[in-house]
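Below: the structure, in structure tokens.
Number of protein chains: 2
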Amino acid sequence: MARVEAIKAVERSLRVVEERERVVRAWAHLNPDRARAEAVEADRRGGGPLRGLVLGVKDIFDTSDQPTECGTAIFAGRRPRADASAVALLRAAGAVCLGKTVTSELAFFHPGPTTNPHRATHTPGGSSMGSAAAVACGMADIALGTQTAASVIRPASYCGVYGFKPTFGNVSIAGVKPFAPSLDTVGWFARTPELLDLVRVCLTGRPPMTPLASPPRIGVLRTEQWRESAPETRAAVTDLAGRLRTAGAPVCDVAQPDFLDALADDHPIVMAYEAARALAWEHRAHRDRLSPQLRDLLDSGKATDPREYDRARARRDVARTREAELFRDADVLITPAVAGEAPEGLASTGDPRFARLWTLLGLPSISIPVATGPTGLPVGVQLIARTGRDAALLATAVWAGL
Amino acid sequence: MARVEAIKAVERSLRVVEERERVVRAWAHLNPDRARAEAVEADRRGGGPLRGLVLGVKDIFDTSDQPTECGTAIFAGRRPRADASAVALLRAAGAVCLGKTVTSELAFFHPGPTTNPHRATHTPGGSSMGSAAAVACGMADIALGTQTAASVIRPASYCGVYGFKPTFGNVSIAGVKPFAPSLDTVGWFARTPELLDLVRVCLTGRPPMTPLASPPRIGVLRTEQWRESAPETRAAVTDLAGRLRTAGAPVCDVAQPDFLDALADDHPIVMAYEAARALAWEHRAHRDRLSPQLRDLLDSGKATDPREYDRARARRDVARTREAELFRDADVLITPAVAGEAPEGLASTGDPRFARLWTLLGLPSISIPVATGPTGLPVGVQLIARTGRDAALLATAVWAGL
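Respectively, the protein sequence lines represent chains C and D. Using this note's numbering, read the first sequence as starting at 9 and increasing by one per residue. Using this note's numbering, read the second sequence as starting at 9 and increasing by one per residue.
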């Protein structure tokens with residue numbers, strides 16, 4: 009793929025920043041001169057599969073040359089010594105890091121200042137809000153985020169970009185601020201599934217996706233949240249299923265298996281218990297600097313009976329062994345990514361329930377921007393594949409875009 | 009349990025430091041005045057289940073008030089902002105952190121300066137070398153370490169202390185420098201199993217162990233390393249089995265199941281692949297400051313075919329589902345912890361093969377100091393229990409000490 013020089017790409021991004029950032033507020037830290045110097049150096053080195061691509065990095069990934077403040081005053085001015093694994097690997101592949109993108113407080117729910125690039129009075133979703141917004145308006149080509157509940161799938165859907173969460177454990181989380189380690193997953197955003205795949209290859213050393221040999225079997229999964237989703241979401245799922253059928257894919261309905269019913273309530277238990285331990289220092293030493301939402305979560309996690317946590321984990325482990333039942337008739341499931349269009353207001357980042365089940369199960373998932381809601385905001389649809397079928401899922405997203 | 013004031017405990021530890029540290033070299037960072045101030049503050053606050061206990065912390069755990077250099081010049085002078093989860097939780101429980109203990113380079117094999125407290129010309133084992141040595145000579149009551157291959161079990165055995173590795177995932181690793189995230193496990197050292205259990209309770213919020221209601225069923229497992237172990241190790245295992253039988257425990261031989269044979273070779277594959285990604289920044293930006301050993305490991309991990317890694321992980325996942333077969337006739341397995349006494353010389357930290365299979369499987373394990381080798385150095389024996397049976401394993405160690 010012929011690509012522009014890194015410095016030209018950075019200048020182009022900086023022009024968009026100049027135009028849009030005052031309203032969008034996607035960046036926690038951005039130093040144009042540092043970014044230009046990195047681009048010049050990347051051009052001097054030459055090569056790399058990500059050459060000429062501008063990268064945004066959620067501000068919970070450590071960076072050796074920029075602050076990493078995790079969306080909280082507790083870490084104001086914090087300067088890590090090393091790059092997080094994902095940052096180092098993407099830079100090694102030729103990407104230039106433009107800066108750090110806004111995260112909600114410690115990647116939980118309390119939002120940062122970012123607005124939805126499609127309408128500034130609406131949330132961009134969270135917690136990877138700056139990364140999704142930066143890609144949506146062309147300030148970055150690719151951007152790193154993380155998902156512990158719905159923090160990639162939801163902002164991707166609200167901002168109208170592709171967002172990908174790989175199989176749990178397939179991408180190193182080293183150098184990323186932990187929240188709930190058995191759930192925390194590195195994910196990323198781009199404007200095409202091809203770019204998502206290129207990033208995956210650089211992060212894992214795995215082969216690139218190959219075009220599907222035959223149309224994928226599609227299963228439409230109406231989870232219990234189906235009834236709670238807005239008409240635009242249900243229409244988006246149904247329309248996409250129709251289009252895929254027209255394109256030749258066998259489409260069936262998949263009923264939510266019993267063993268998934270209980271799991272929906274297990275995610276918050278696992279998250280709270282683990283967060284109370286992972287953030288033990290913040291909880292104790294900086295209680296008064298936490299948002300009430302996060303403080304409540306950590307209090308509740310600290311008080312969680314470990315047996316309740318163990319039971320939730322055990323149900324998850326059982327569900328993982330029964331994954332095949334969910335994919336008996338389908339290679340890929342399609343299901344809502346979010347309740348509907350991005351809600352109005354910036355005080356909340358929206359409802360995480362549509363993605364967290366898949367985070368708990370560790371399955372690869374992608375939000376693809378397929379529809380527009382009644383007020384003109386984007387609506388994504390979530391596609392989910394079996395453990396390890398990350399490349400096939402991305403190839404399906406490519407196929408679905410035809 | 010009546011305990012001394014923290015300040016008295018710290019002064020007592022500092023006297024041992026004064027006496028022994030010049031030769032043992034267990035500490036990477038130690039500031040007596042800071043430790044005294046922390047003790048005074050702990051006494052002022054009062055209470056806590058770990059009150060009056062002095063804690064050593066392996067120098068790959070972040071500390072908010074002390075450098076964290078990870079045993080490499082790459083991180084010289086590094087000052088984290090926060091305490092790692094385990095440090096915060098133990099401090100909250102009343103422990104006073106005396107300082108940071110020596111780790112081998114980034115918790116891999118290249119040793120730090122620590123010597124074996126029982127004979128300074130011999131290795132204390134690694135990578136948690138300073139923590140094991142500090143506990144062994146009474147400079148600390150409890151000390152944190154980590155195990156990715158054998159880094160708790162081996163130094164515990166060489167230094168003649170108890171070392172415990174909990175079930176994978178049961179103790180938060182947040183704030184610890186990652187090496188191979190699907191293997192990295194927080195562990196700790198103490199001079200009694202009762203103290204080990206107290207630490208476990210503080211780190212997990214789980215109930216304390218209870219005395220065994222009946223003697224445990226013991227299985228003697230002679231792995232393929234049995235033939236490669238020294239006579240003192242085989243004697244230690246056999247003698248302990250005999251003593252437990254005399255004390256009333258049903259003792260049987262357990263054959264190593266077939267599905268474990270391949271696994272022994274899978275650990276290094278998983279470790280190298282994951283380390284090359286977790287340490288991507290160090291590998292690229294500081295290649296010339298890595299030891300040749302670590303550089304070779306990262307080179308080999310970077311070149312590892314991801315399919316080979318996936319196959320190793322898949323075999324591990326299968327083995328985990330077959331765990332029950334290993335414990336059909338036994339509640340607890342006993343097996344060598346190390347090849348034999350601590351080898352002479354400080355250039356190597358010894359053979360990790362006796363523990364790494366159990367790290368790969370994520371099972372709780374403990375090294376108990378039960379014997380003395382032909383030259384008078386300690387020899388430990390390793391006890392292993394099923395996933396989640398951490399409290400029962402520690403209760404067995406208590407029972408075995410009777």
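In this text, a Cβ means the ideal position worked out from N, Cα and C, and glycines have one as well.
Here DSSP, grouped into helix, strand and coil, assigns Ser139(C) to helix.
For Pro377(C), no Cβ of chain D is located within less than 7 Å of the residue's own Cβ. Residues of the stretch 272-286 of chain C with a C-beta less than 8 Å from any C-beta of chain D: Glu282, Arg285, Ala286, listed in chain order. Taking a Cβ-Cβ cut-off of 8 Å, the neighbours of Glu290(C) in chain D comprise Ala90, given in sequence order.
Residue state for His275(D) is assigned as helix, using DSSP reduced to three classes.
Where Val340(C) is concerned, the enclosing beta strand (DSSP E) starts and stops at 340-344. The beta-carbon of Ala320(D) is placed no less than 7 Å from the nearest beta-carbon of chain C. Cα atoms of Asp274(D) and Asp247(D): separation of roughly 31 Å, rounded to the nearest angstrom. According to DSSP, Thr109(D) shares a beta bridge with Trp35(D), Lys66(D). Neighbourhood of Ser93(D) in chain C, by CB distance below 9 Å: Pro186, Arg285, Ala286, Leu287, Ala288, Trp289, in chain order.
For Pro57(C), no chain D residue has a Cβ inside 7 Å of its Cβ, as the nearest lies near 15 Å away. The beta-carbon separation of Glu331(D) and Arg394(D), rounded to 6 Å, stays under the 8 Å limit for a contact. For Ser165(C), the three-state secondary structure derived from DSSP is helix. For Cys145(D), the three-state secondary structure derived from DSSP is coil. Note on geometry: alpha-carbon atoms of Pro372(D) and Val32(C) lie some 49 Å from one another. For Pro174(D), not one C-beta of chain C is nearer than 7 Å to its own C-beta. For Arg321(D), same chain residues with a beta-carbon under 7 Å away, outside a window of 5 residues either side, are Val278 in chain order.
Residues of chain D with a Cβ closer than 7 Å to the Cβ of Ser190(C) are, in chain order, Gly177. When the five nearest sequence neighbours on each side are left out, the beta carbons in the same chain lying within less than 6 Å of the beta carbon of Ser375(C) are those of Ile161, Ala164, Ser165, Gly171, Ala345, Gly388, Gln390, in order along the chain.
An exposed status is given to Ser222(C), since fewer than 16 other beta-carbon atoms sit within 10 Å of its beta-carbon.
The Cβ atoms of Pro132(C) and Ala141(C) lie closer than 7 Å to each other. Chain C places a beta carbon closer than 7 Å to that of Phe83(D), counting this residue as a contact. Going by C-alpha positions, Ala403(C) is about 17 Å away from Phe335(C). When the beta-carbon positions are compared, Val228(C) and Asp261(C) come within less than 7 Å of each other. Pro119(C) places its beta carbon 7 Å or farther from that of Gly102(C). Here Val259(C) is near Arg253(C), since their CB atoms are less than 7 Å apart. Residues Ala94, Val194, Leu211, Thr212 of the same chain have their beta carbon placed closer than 7 Å to that of Val179(D), with the five preceding and five following residues left out of the count.
A Cβ-Cβ distance of about 6 Å is found for the pair Val18(C) and Val62(C), placing them in contact under the 8 Å criterion. Between Arg292(C) and Ala350(D), the CB-CB gap reaches or exceeds 7 Å. By the beta-carbon neighbour count (other beta carbons within 10 angstroms, threshold 16), Ala263(C) is exposed.
C-alpha of Thr154(C) to C-alpha of Ile342(D): approximately 41 Å in a straight line. Around the CB of Val326(C), fewer than 16 other CB atoms lie within 10 Å, so the residue is classed as exposed.
Counted as a single uninterrupted DSSP element, the alpha helix (DSSP H) harbouring Pro201(C) occupies residues 201-212. Counting along the chain, Pro377(C) sits inside the beta strand (DSSP E) bounded by residues 373-380. Contact annotation: in the stretch 70-81 of chain C, residues whose CB is within less than 9 Å of a CB in chain D are Asp70, Ser72. The criterion of a C-beta distance shorter than 7 Å is satisfied by Ala288(D) and Leu97(C).
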